[in-house]
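These notes are about the structure you will find just below.
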Amino acid sequence: MKKLLEKALLRPNNSLYFLTSDFLALATIVSIVAIVLETVPSVSGYERYFTIIEYTAVLVFTLEYAARLYVIKPKRKYVFSFFGLIDLLSILPSFVGIGNFTFLKSARAVRLIRLLRMIRLAKLAHSHRKDPEETLGVFALNVTIYITLLLVTLLAMGTLMYLAEEQVGTIMSIPAGMWWSFKVFMGGIPVDTPLTAFGAGLYVFARFVGYLLLGVLIGVIGNIFRAVLLSK
5 MKKLLEKALL
15 RPNNSLYFLT
25 SDFLALATIV
35 SIVAIVLETV
45 PSVSGYERYF
55 TIIEYTAVLV
65 FTLEYAARLY
75 VIKPKRKYVF
85 SFFGLIDLLS
95 ILPSFVGIGN
105 FTFLKSARAV
115 RLIRLLRMIR
125 LAKLAHSHRK
135 DPEETLGVFA
145 LNVTIYITLL
155 LVTLLAMGTL
165 MYLAEEQVGT
175 IMSIPAGMWW
185 SFKVFMGGIP
195 VDTPLTAFGA
205 GLYVFARFVG
215 YLLLGVLIGV
225 IGNIFRAVLL
235 SK
């Protein structure tokens, strides 16, 4: 059993590793969509289904957490790592009865970055052969990682804005908060002025994050063009 779990969670060159990563990514995406939609007033009638999705996801993530504890040595290396803490925070609210702690549950979106990064490392291991298709695949995955990073950042900012502004009626759902954050990231687009002090602070922070994301995008595109020019 331990060897099987190691192949599924720690061996990028094994096909089972990719299947496991895809399954965990799908479970993460479905759970995140449910978390986002449950804050939308117009779909409140589907709360029962959101609850089922939430606890199914928690079960999957709990089994994954236990499996990683079992195969990773020493255990504290995983428990106190950044992603280990994210994995714990993503399931803890549901276990201790604070299921409405939306921000902690939405933190599980960061898991997608880890899963994509692990796949990227696996592709890099093959790209040393200078195979153009492998290299192109690495670049495509880098773009995917950037898009995922953008979505994760939008989700985090949108959730914080929802928590900060819901009571004053400015942001009434996480999708509304994400759209507000996206317009701030773009710059130059008029947005509603936050009415809370925390919301005003988030506005300044969102502008700063938008500049950082633009810098990362320039770096990703620059690396692609540089590799194309060097290959000629």
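Heads up: the sequence shown begins at 5 in the numbering used here, then just goes up one per residue.
Quick reminder that beta carbons are idealized off the backbone N, C-alpha and C, glycines included.
Quantities reported herein were computed from a predicted structural model and do not represent experimental measurements.
So the candidates are Leu164, Leu199 and Gln171; which of them puts its Cα closest to the Cα of Trp183? For the residues Leu164, Leu199 and Gln171, the minimum Cα distance to Trp183 belongs to Leu164.
Can you give me the C-alpha to C-alpha distance between Thr174 and Thr200, rounded to a whole angstrom? If you take the alpha carbons of Thr174 and Thr200, they lie about 10 Å apart.
Measure the C-alpha to C-alpha separation of Leu13 and Phe27 and round it to an integer number of angstroms. The C-alpha of Leu13 lies about 12 Å from the C-alpha of Phe27.
Where does Arg80 fall in DSSP's three states? Arg80: helix per DSSP, three-state reduction.
Report the CB separation of Ser185 from Leu158 in whole angstroms; it is logged as a contact under 8 Å. Leu158 and Ser185 do touch by the CB rule: their CB atoms are close to 5 Å apart, below 8 Å.
Could you check whether Ser94 and Leu108 sit closer than 9 Å to each other, using their CB atoms as the reference points? Cβ atoms of Leu108 and Ser94: closer than 9 Å.
Give me the Cα-Cα distance between Leu92 and Arg115, rounded to the nearest whole angstrom. Going by the C-alpha atoms only, they are around 11 Å apart.
Taking the beta carbon of Met161 as the centre, do at least 16 other beta carbons fall within 10 Å, making it buried, or is it exposed? Met161 sits buried, since 16 or more C-beta atoms from the chains shown fall within 10 Å of its C-beta.
Which value, in whole angstroms, describes the spacing of the CA atoms of Pro78 and Met5? Cα to Cα, Pro78 sits roughly 18 Å from Met5.
For the putative contact between Ser35 and Arg112, defined by C-beta atoms under 8 Å, what is the C-beta separation to the nearest angstrom? With 8 Å as the limit, Ser35 and Arg112 qualify as a contact, their Cβ atoms being about 7 Å apart.
Note down, in chain order, each residue of its chain lying with its Cβ closer than 8 Å to the Cβ of Ile56, except the 5 sequence neighbours on either side. There are no such residues.
Sequence-distant residues of its chain with Cβ nearer than 6 Å to Phe54 (five each side left out): Apart from the 5 residues on each side of it in sequence, Phe54 sits with its Cβ closer than 6 Å to the Cβ of Ala38 and Glu42 in its chain, given in chain order.
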